[in-house]
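Peer 1: Its first residue numbered 4, the sequence shown is counted upward by one per residue in the numbering used here. Glycine residues also receive a C-beta, built at the ideal position from the N, C-alpha and C atoms. Quick one: structure below, then a few questions.
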Amino acid sequence: YEVWEAELPAHPAGTLVRYQIRAHDEDSGEICWADEGAEYSYIVGDFGPPAWALPAIIYQIFPDRFSPGIGRPWNATSHLSEIYGGTLRGIIDHLDYIAGMGFTAIWLNPFFPDETHHGYHATDYFAVNPRLGTLDDMRELVDKAHERGVRLLLDFVGNHWGSKHATFQQALADRNSPYHDWYFWKNWPDEYVAYYNVADLPKLNVDNPAVRDHLLHSIGYWLGDVGFDGLRLDHANGPSYDFWTDVRVVARSIRPDAWVFGEVVRSPDQQLSYAGLFDGTLDFMLAQAMRNTFATGEMSLAGFDALLNRHEAYFPPQSAFSRPSFLDNHDMDRFLWRAGGNKDKLKLAALVQFTLGGAPIVYNGTEVGVTQERGIFEPGSHGMEECRQPMLWGEAQDADLSSWFWYLSHLRRNHTALWRGKRETLHLDTVAGTYAYAREDGVESVIVGLNLSDEPQTFAVPMVDRATVVTFELPPRSGDVAVI
């Protein structure tokens, strides 16, 4: 195939640039458009996350499964898809736990009115689901989190919402409804475009001015009036680039230090195409590599090291394009389950996660041993619900894991090299199963040593450009750090 390039003229910082990509067939005179991604936009000079995002440590909370509140029991349930009874009060009651563990931000999964437990079938983007609490509860959560130095990230879905949304119901009932063009109809009223063909999730026409205005006002409401600090953009590769440009303009105009990053499950080049729109994208490639290396062993240490090197060479620094990392989330098997319940594998993976550049995200419960009974794709399983088991509290928590995650978060907070330094591989022995790398920022060096084997290992790591050798003596399936 041929690669064509075009150079856009320079513009002053802050300029909003929109452009199209199309081909002209000289023989037929026809204009050809790409199937997708033909329209692009960006804001000149508006790159990079806010300063607070670089050292951030994020705690992902799935509201229905986190806590009903201190002294209140979970609902009696017979199926994982039912409502367990988590509330905003339950989150407020445990803010000291969250802050004490070292987390500096909360990514709150959707909390809008919705009959499902997960919140992704929302019917009102300006309200709190009554079973979770009230708007006053949400304001209290935001304020009390801020008092503890913890910021709030809104899980925003711009691609679709629930089919029971009033606008969709009106569009279904009346072809002449003003909401008809809010959606994409194939054969009204029976066939319409939906997220992954799920009929309950009609896709929104975000390039319709009325739809866009509605969504932008909801963002402005939660960031401005309620006080959220940023956006995690769900299925961000669904809506148009032009829509996300307006989202960024609104977010930064209301909250100049808003952190805006997207869920873009696409190739690296497609992820980077959102630079100038997003501050970064979730690092799904790293998550897969971490799970395959440390949980299942499907990827070798050499393969993992090669991926890190390619990753770091291709993407800009975290300060220019952030790539928050994670080991698991609400849409995939828990890491601990994938690791066969082996806590040492989870601890090793978490050590690597917290000592790489991207802001680490911990899905609530991973830090205390929450797992699942079956894989989400296993016959007889409850699908995605398997990885959404309720949070463990009190003596049910794994104290060893909890202590390890506490140690890692405070290690990262106390050593700037871990979130702003460069990484360099210092040692790789695929036979012994040992690996070491350094993170250096000109102030200090943090050396991370890993032993993935089932035997104790001792190995020396010479520091580049220093007359220093660090020796690691590691038990099976363990890791450690040295600061020099």
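Pull up the DSSP beta-bridge partners for S481, would you.
Peer 2: DSSP lists N454 as partners of S481.
Peer 1: Quick check: what's the CA-CA separation for D203 versus G165?
Peer 2: So the alpha carbons of these two residues sit roughly 6 Å apart.
Peer 1: Report the residue from D468, V486, F462, A323 whose alpha carbon sits nearest the alpha carbon of P478.
Peer 2: Of the listed residues, the one whose Cα sits closest to P478 is F462.
Peer 1: Would you call the CB atoms of G105 and W409 closer than 9 Å?
Peer 2: Yes; because the gap between Cβ atoms is below 9 Å, this pair is in contact.
Peer 1: In whole angstroms, what separates the C-alpha of K189 from that of N162?
Peer 2: So the alpha carbons of these two residues sit roughly 17 Å apart.
Peer 1: CB G93 to CB I73, shorter than 9 Å?
Peer 2: In this structure, I73 lies closer than 9 Å to G93 by Cβ.
Peer 1: Go ahead and pull the three-state DSSP assignment for W407.
Peer 2: Residue state, collapsed to three classes: helix.
Peer 1: Counting only runs that start and end within the stretch 365-433, where is the beta strand (DSSP E) found for 3 or more residues in a row?
Peer 2: Entirely contained in the stretch 365-433, the beta strand (DSSP E) runs reaching 3 residues are, in chain order, 425-432.
Peer 1: In three-state DSSP terms, what is T284?
Peer 2: In this structure, T284 counts as strand in the three-state DSSP scheme.
Peer 1: Would you kindly report the start and end of the unbroken beta strand (DSSP E) that includes P271?
Peer 2: P271 -> not in any beta strand (DSSP E); alpha helix (DSSP H) instead, spanning 271-275.
Peer 1: Just list the residues that DSSP pairs H27 with in beta bridges.
Peer 2: Bridge partners of H27: I34.
Peer 1: Could you tell me whether the stretch 305-314 touches the stretch 363-373, using the rule of 3 or more Cβ pairs below 8 Å?
Peer 2: Segments in contact, no.
Peer 1: What's the gap between the Cα of L83 and the Cα of D331?
Peer 2: Their Cα atoms are separated by approximately 18 Å.
Peer 1: Name the two residues that bound the continuous alpha helix (DSSP H) containing V145.
Peer 2: Run containing V145: 138-150, per the alpha helix (DSSP H) assignment.
Peer 1: Please list the terminal residues of the continuous alpha helix (DSSP H) segment that includes E315.
Peer 2: Taken as a continuous stretch (DSSP letters only), the alpha helix (DSSP H) holding E315 covers 304-317.
Peer 1: Which whole-angstrom value describes the C-beta separation of I109 and L155, a residue pair presumed to lie in contact below a C-beta threshold of 8 Å?
Peer 2: That pair is a contact at about 5 Å.
Peer 1: Determine the direct distance from the alpha carbon of Y128 to that of D216, and round the result to whole angstroms.
Peer 2: If I take the Cα positions, the gap works out to 12 Å.
Peer 1: Measure the C-alpha to C-alpha separation of V6 and H27 and round it to an integer number of angstroms.
Peer 2: Whole-angstrom Cα-Cα distance: 15 Å.
Peer 1: Identify, in the order they occur along the chain, each residue of the same chain with its Cβ nearer than 6 Å to the Cβ of H120, setting aside the five sequence neighbours on each side.
Peer 2: Counting only Cβ-Cβ distances below 6 Å, and skipping sequence neighbours, we find D67, I86.
Peer 1: Please identify the residue among L236, Y43, V355, V160 whose C-alpha is closest to the C-alpha of I450.
Peer 2: Cα-wise, what sits closest to I450 is V355.
Peer 1: Going by beta carbon distance, what residues of the same chain come within less than 6 Å of H149, once the five residues before and after it are set aside?
Peer 2: Excluding sequence neighbours, H149 sits near nothing in its chain.
Peer 1: Starting from Y43, follow the beta strand (DSSP E) in both directions and report where the run begins and ends.
Peer 2: Run containing Y43: 42-46, per the beta strand (DSSP E) assignment.
Peer 1: If I'm right that G360 touches R294 with Cβ under 8 Å, what's the distance once you round it to whole angstroms?
Peer 2: At roughly 19 Å, the Cβ-Cβ gap does not stay under 8 Å, so G360 and R294 are not in contact.
Peer 1: From the DSSP output, read off the bridge partner residues of A441.
Peer 2: E427, I450.
Peer 1: Would G279 and R326 qualify as a contact pair, given that the criterion is a beta-carbon distance under 9 Å?
Peer 2: Their beta carbons are not under 9 Å apart, which means G279 does not touch R326 by this criterion.
Peer 1: Quick check on T471: buried or exposed, where buried means 16 or more other Cβ atoms within 10 Å of its Cβ?
Peer 2: Exposed, by the Cβ-count rule.
Peer 1: Considering R341, what are the terminal residues of the alpha helix (DSSP H) in which it resides?
Peer 2: Counting along the chain, the alpha helix (DSSP H) containing R341 begins and ends at 338-341.
Peer 1: Please identify the residue among T419, D146, Y195 whose C-alpha is closest to the C-alpha of R442.
Peer 2: Ranking the options by Cα distance to R442, first place goes to T419.
Peer 1: Over the uninterrupted beta strand (DSSP E) stretch that includes R326, give me the two end residues.
Peer 2: Premise fails: R326 is in no beta strand (DSSP E) and is neither H nor E.
Peer 1: Can you tell me the Cα-Cα spacing of Y123 and F264, whole angstroms?
Peer 2: Between Y123 and F264, the C-alpha separation is close to 18 Å.
Peer 1: With which residues is I61 paired in a DSSP beta bridge?
Peer 2: Answer by DSSP bridge pairing, in chain order: A108, I364.
Peer 1: Below 9 Å between beta carbons: does that hold for L19 and V252?
Peer 2: Cβ distance < 9 Å, so L19 and V252 count as in contact.
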